[in-house]
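Chemist: Chains as they are written, first to last, in my numbering: chain Z, 1440 to 2000; chain A, 238 to 478. Each residue gets a CB set at the ideal place from its N, CA and C atoms; glycine is no exception. These numbers come from a predicted model, not from an experiment. Handing you a structure now.
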C-alpha cells in the first residue's frame, strides 16, 4: 500500500531530521530547495514578493514565502468549486491548512486562470503529467516540485489513492491483519479513475471520491475539482492500464532505490502508525515487493522520463519543467486581441434579441450614458432598465400551454414556464443585476463567477466560481452589465458548459452590447441567446465600448477616482 | 375569494383574449403591451383563481410595472445629445411635459407603486367613484388633484375596465378640471371590449394603454374571463385567513 495521506505530513518531518534523506514535502522542501542556486526559490521568491507588494501582506519568512508561491485561491477551502489549490486530492486538512494560513488575508488576486478554450469557444485540453513509482519513492514530492517550479496557476494534483475501492467487512479484517493486497491493480477503481481523469482533462467539473483509510470506505462527501490547465496525476500504478496512459501527455517514473523506500516505509509505519516490525515486513514481502516486481517496475517501460533518486534529482526535474513550459507556451495565445479583431461585421445573429426601443428605454439610456449623471440617478435608471431586460429575457424561456379557471369560473387559455431558473452573475458589474433578478424571479438561486482582466496581457482570467447545486435541467440567466469583446462572457459560458449545462439553456443578458462581443459569442456558442437593451457602435483599441457608458462597475459602486 | 354569481357560458368554453391585431383594427388609440411569453404567463397566474395572497400581489406588481413602463413610453419627448464617459456623443431623448398620476380608488391605488418605482417623486391624485344604491350610475364621491393638473400629462390608473362607466365618469371630472382629452392616458391591465367601445365613443381623443382585452361581461358587470375583483385580491379584503 502506498503511503496513506494522513501520515504523510508527519513522515516528512521525521525524515527531514536525517540529512541524508532529502525527499520531503511541505515546508521542508522549500528549505532544501533554497540551497540550490538558480532554482525554484529565486522565481518563487520574486513572485511572492510581487504578491506581498500588491496586497500589503507581510509574507517575509523563507517558509511562508515559498508556500505562498503555490497557486491558491482566495477562498476558504470547501467553498470553492474551481480550485487551483495544490494539495493531494484526497488530502486531509493539514496540508491545505498550512497553505491557507499564509494566504488567507489575500483578497486581491494576481493569478487567475487564463482561457482554456480557443476563440471559437472550443476546449484546449489540460496537460496531464502522470507520475508512477514504487511505494515511498517520493512521487508526491516530485509532483509538488514540478508544480512549484512550473509556477503556473490552475494546477491540480490528483492522487490514485483517492480511487481505492471501498472494502467489504471481510476485506477490512484482512487489511487489519496485513493480509489485504493494496498494491494490486484490482485494489483500485480504475474505471472511475479513467472517467474522472478524462473529464478533468476536458476541463469538466468532477467529483473526486474521498477515501477514508481508517474505515477503508469512501466518505459520503466528495472533493470537487474544476478548472485545471495542468493535471499532475500520481500513484504507484499510474501506468497500469493503457486507457489511463493514453490520457497522459507526459509520463514520469520515479525510480528510488528499494532500500531507501523500505527504510521510509519502516519509519512511517512503525513510528507514526504504531505498527509492529513483523507486520510491516510481512506486508512488504507479501504484497509491496511483489507488486513492485510484477506491476510497477515493468511499467517503467511506458515512461517518457525516468527520474533516478526521486526528488533529489534536480537536473531531471528541471528538464521536465522546461519541457512542460515549452508545451504550455505552444498552447497559449493572445486571446483578447484576437477576438477584438475577429468578426466585427456582418449581419447580427438570430440569437441576438434587443429590447424593443420605446422612448422610455431611450430616455433611460440617455441618462445612464451621460457622464454628468450623478451616481444616485445612474443607479436608479440602471436598475429600471435591468428590470425590463430581465422581464424581456424571461419571454424566451420555453412555455407550456395551460388552462386555468378564473374567479368568475371561466376557463382561460394561458401558459406557464415550469422549469428551474438560476441566475449567474459575472462579478463585479454583473452583480448589479442580481436585484432585478430577485425582483422578477421569486427565490431564484444565484451563482457568481469572478473574471478579471490581467493588466499585463489584457487576457481575461477566472478567479472564482461558485455555482448553485442541482444545475441539471436548469435554465441559466448569465448576467453582466456590458459586453465589449465578449472575452469575459465567453469564459463564463465556458464555465457553465464545463458544468454540463447545455448551450441552449443559457441566456446571456447585458445592458449594452458591442457588435464584436455579439459576433464572438454567437460564433463560439451559436445556441446561447444574447439579450440586451442596446447595441453600440464599436469597441476601440482600449477595449472600450463606443459610445458606451464608461466603467459600469466603477460608476455604480462609486469606486472610480 | 370572489364567488361567481352567474355563469355566462358553458364551462367548456375556453376563453382567450381578443387578438392584438383585432384590437389595433378596432381601437386606433389603444396601445397594448407587447404580448411576450412572460406577459402571457403573468396573466395566466393572476387570472388563476387558485393564486392567492402574496403570489397574486407579486405577479400583479410585475405586470403593473410592465404596463406602467409601456404607458410612460406614450409621453412626449424630444431629441437630445449627451456625452458619454468615453467622450463619445450619444443621441438620446428626454421628456418635456410634466407628469401627474391619478389613481381610481381602490384598485388603481395598487398601481401607484409601479408608477413610483419608475418616477420617484411623481405627483399622484386620487379619485373615488361609487355607485349609489338607487341607480347603477356612478357618482363622484371624492377627488384630490395637484393644483396645476391642467398643465400636466395625466395618467389615470384603474386595473380593470368592466362596463367602462366608472372610467367615463373619471374622465369627465378631469375635463372639468381643465385637462384636455389628448393629454389624458388611461392605464389599465384588463379591459372588456364593451368598456373600450364606450370610452372611445365618448372621448375619441383619449388614449388607453392596456395589457389584455377580454370579450365578455357577466350579469354582475364583472369581466369574463377577467381576474375577479382586483382590489379584493390585491388588498386581500376577501381573504378569510
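1) Quick one, which of A:467, A:249, A:259 has its alpha-carbon nearest residue 300 (chain A)'s?
2) Is it buried or exposed for residue 1475 (chain Z), if we count other Cβ within 10 angstroms and need 16 for buried?
3) With a floor of 3 residues, list each beta strand (DSSP E) that falls wholly inside the region 1798-1877 of chain Z, ordered by position along the chain.
4) How many angstroms separate the CA atom of residue 1673 (chain Z) from the CA atom of residue 1629 (chain Z)?
5) Does DSSP put residue 1946 (chain Z) in a helix, in a strand, or in coil?
6) Compare the Cα-Cα distances from residue 1850 (chain Z) to each of A:266, A:287, A:259, A:269 and report the closest residue.
7) Bridge partners for residue 1571 (chain Z) per DSSP, in chain order?
8) If you draw a straight line from the C-alpha of residue 1996 (chain Z) to the C-alpha of residue 1867 (chain Z), how long is it?
9) Tell me whether the beta-carbon of residue 1875 (chain Z) lies closer than 8 Å to the beta-carbon of residue 1839 (chain Z).
10) Classify residue 1722 (chain Z) as buried or exposed, calling it buried when 16 or more other Cβ atoms lie within 10 Å of its own Cβ.
11) Expressed to the nearest angstrom, what Euclidean distance is found between the alpha-carbon atoms of residue 1563 (chain Z) and residue 1554 (chain Z)?
12) Do you know how far the Cα of residue 1799 (chain Z) is from the Cα of residue 333 (chain A)?
13) Quick one: complete beta strand (DSSP E) runs, 3+ long, within the region 1632-1705 of chain Z?
14) What is the rounded straight-line gap between the Cα of residue 1568 (chain Z) and the Cα of residue 1890 (chain Z)?
15) Starting from the beta carbon of residue 459 (chain A), find every residue of chain B whose beta carbon is closer than 8 Å, and list them in chain order.
16) Just curious, the alpha helix (DSSP H) that residue 348 (chain A) is in, first and last residue?
17) Closest by CA to residue 1955 (chain Z), which one among Z:1686, Z:1939, Z:1929?
18) What would DSSP say about residue 413 (chain A), mapped onto helix, strand or coil?
19) From the beta carbon of residue 1802 (chain Z), is the nearest beta carbon of chain A less than 8 Å away?
20) Listing by chain order, which chain A residues have their CB less than 9 Å from the CB of residue 1818 (chain Z)?
21) In three-state terms, what does DSSP make of residue 1745 (chain Z)?
22) Would you identify the three-state DSSP class for residue 430 (chain A), choosing helix, strand or coil?
23) Taking Cβ-Cβ distances shorter than 7 Å, what residues in chain A pair up with residue 1989 (chain Z)?
24) Between the C-alpha atoms of residue 1743 (chain Z) and residue 1979 (chain Z), what's the straight-line distance to the nearest angstrom?
25) Quick check: what's the CA-CA separation for residue 324 (chain A) versus residue 403 (chain A)?
26) Just curious, the beta strand (DSSP E) that residue 449 (chain A) is in, first and last residue?
27) For residue 274 (chain A), which residues from the same chain have a beta carbon less than 6 Å from its beta carbon, with the 5 sequence-adjacent residues on both sides left out?
28) In chain order, what residues of the same chain lie with their CB nearer than 7 Å to the CB of residue 1761 (chain Z), ignoring the 5 residues before and after it?
29) Assign residue 1626 (chain Z) to one of three DSSP states: helix, strand, or coil.
30) When the Cα of residue 329 (chain A) is compared with those of Z:1745, Z:1863, Z:1973, Z:1737, which residue comes out closest?
31) Alpha carbons only, please: which of Z:1735, Z:1644, Z:1806, Z:1665 is nearest the one belonging to residue 1678 (chain Z)?
32) Helix, strand or coil for residue 362 (chain A) per DSSP?
33) Do residue 453 (chain A) and residue 446 (chain A) count as a contact pair if the criterion is CB distance below 8 Å?
34) Contact between the region 1821-1835 of chain Z and the region 340-352 of chain A is defined here as three or more beta-carbon pairs at a separation below 8 Å; is this criterion met?
35) I'd like to know if the region 423-437 of chain A and the region 1811-1822 of chain Z are in contact, where contact means that at least 3 CB-CB pairs between them fall below 8 Å.
36) Relative to the C-alpha of residue 463 (chain A), which residue among A:367, A:284, A:443, A:265 is closest?
Modeler: In short:
1) On the second chain, position 63 is the one that residue 300 (chain A) refers to. With distances taken between Cα atoms, residue 300 (chain A) lies closest to A:467.
2) The residue you call residue 1475 (chain Z) lines up with position 36 of the first chain. Residue confidence is low: residue 1475 (chain Z) scores 29 on pLDDT, short of 50, so the model does not pin down where it sits. No coordinate-derived value is stated.
3) Fully enclosed beta strand (DSSP E) runs of 3 or longer: 1839-1844, 1850-1855, 1860-1866.
4) For this step, residue 1673 (chain Z) is matched to residue 234 along the first chain. For this step, residue 1629 (chain Z) is matched to residue 190 along the first chain. Their backbone Cα atoms lie some 13 Å apart in a straight line.
5) Here residue 1946 (chain Z) refers to the residue found at position 507 of the first chain. Strand.
6) Stepping through the first chain from its first residue, residue 1850 (chain Z) is reached at position 411. Residue A:287 is the option with its Cα nearest to residue 1850 (chain Z).
7) For the purposes of this step, residue 1571 (chain Z) is taken as residue 132 along the first chain, with counting starting at 1. In the DSSP output, where bridge partners are listed per residue, residue 1571 (chain Z) has Z:1692.
8) Reading the first chain from its first residue, position 557 is the one you call residue 1996 (chain Z). Reading the first chain from its first residue, position 428 is the one you call residue 1867 (chain Z). Cα to Cα, the separation comes out at about 9 Å.
9) The residue labelled residue 1875 (chain Z) in the question sits at position 436 within the first chain. The residue labelled residue 1839 (chain Z) in the question sits at position 400 within the first chain. By the CB criterion at 8 Å, residue 1875 (chain Z) and residue 1839 (chain Z) fall outside the cutoff.
10) Taking the first chain and counting its residues from 1, the one referred to as residue 1722 (chain Z) is at position 283. It is buried - the Cβ of residue 1722 (chain Z) has at least 16 other Cβ atoms within 10 Å.
11) For the purposes of this step, residue 1563 (chain Z) is identified with residue 124 of the first chain, where counting begins at 1. For the purposes of this step, residue 1554 (chain Z) is identified with residue 115 of the first chain, where counting begins at 1. Distance between the alpha carbons of residue 1563 (chain Z) and residue 1554 (chain Z) is about 9 Å.
12) In the second chain, counting from the first residue as 1, residue 333 (chain A) sits at position 96. In the first chain, counting from the first residue as 1, residue 1799 (chain Z) sits at position 360. So the two alpha carbons sit approximately 13 Å from each other.
13) 1645-1651, 1656-1664, 1669-1673, 1689-1694
14) On the first chain, position 129 is the one that residue 1568 (chain Z) refers to. On the first chain, position 451 is the one that residue 1890 (chain Z) refers to. Using only the alpha carbons, I get a separation of about 27 Å.
15) Absent from the structure: chain B. Protein chains present are Z and A.
16) What you label residue 348 (chain A) is simply residue 111 of the second chain in a count that begins at 1. Where residue 348 (chain A) is concerned, there is no enclosing alpha helix (DSSP H), because DSSP gives it neither an H nor an E.
17) The residue you call residue 1955 (chain Z) lines up with position 516 of the first chain. For residue 1955 (chain Z), the closest of Z:1686, Z:1939, Z:1929 by C-alpha to C-alpha distance is Z:1929.
18) Here residue 413 (chain A) corresponds to residue number 176 of the second chain, with the count starting at 1. Three-state DSSP puts residue 413 (chain A) in a helix.
19) The count along the first chain starts at 1 and reaches residue 1802 (chain Z) at position 363. Under the Cβ criterion of 8 Å, residue 1802 (chain Z) is counted among the residues facing chain A.
20) Translated into positions along the first chain, residue 1818 (chain Z) becomes position 379. None at all; the shortest Cβ gap to chain A is about 12 Å.
21) The count along the first chain starts at 1 and reaches residue 1745 (chain Z) at position 306. Strand, per DSSP.
22) As a working note, residue 430 (chain A) is residue 193 in the second chain. In the structure shown, residue 430 (chain A) sits in a helix (DSSP, three-state: H, G or I).
23) Residue mapping note: residue 1989 (chain Z) aligns to position 550 of the first chain, counting from 1. Those within 7 Å of residue 1989 (chain Z) in chain A are 321, 322, 323.
24) Here the question's residue 1743 (chain Z) lines up with position 304 in the first chain. Here the question's residue 1979 (chain Z) lines up with position 540 in the first chain. Rounded to the nearest angstrom, the two C-alpha atoms are 47 Å apart.
25) Indexing the second chain from 1 puts residue 324 (chain A) at position 87. Indexing the second chain from 1 puts residue 403 (chain A) at position 166. Cα to Cα, the separation comes out at about 52 Å.
26) Here residue 449 (chain A) corresponds to residue number 212 of the second chain, with the count starting at 1. From DSSP, the beta strand (DSSP E) with residue 449 (chain A) extends over 449-451.
27) Along the second chain, read from residue 1 onward, the residue named residue 274 (chain A) stands at position 37. Excluding positions up to five away in sequence, the list is empty.
28) Within the first chain, numbered from 1, the residue matching residue 1761 (chain Z) stands at position 322. Excluding positions up to five away in sequence, the list is empty.
29) Mapped onto the first chain, residue 1626 (chain Z) falls at position 187. If DSSP states are grouped into helix, strand and coil, residue 1626 (chain Z) belongs with the helices.
30) Counted from its first residue, the second chain places residue 329 (chain A) at position 92. Ranked by Cα distance from residue 329 (chain A), the options Z:1745, Z:1863, Z:1973, Z:1737 are led by Z:1973.
31) Taking the first residue of the first chain as 1, we reach residue 1678 (chain Z) at position 239. Checked all of Z:1735, Z:1644, Z:1806, Z:1665; the closest Cα to residue 1678 (chain Z) is Z:1735.
32) Taking the second chain and counting its residues from 1, one reaches residue 362 (chain A) at position 125. Strand.
33) In the second chain, the residue the question calls residue 446 (chain A) occupies position 209. In the second chain, the residue the question calls residue 453 (chain A) occupies position 216. No; because the gap between Cβ atoms is not below 8 Å, this pair is not in contact.
34) no
35) no
36) For the purposes of this step, residue 463 (chain A) is identified with residue 226 of the second chain, where counting begins at 1. Of the listed residues, the one whose Cα sits closest to residue 463 (chain A) is A:284.
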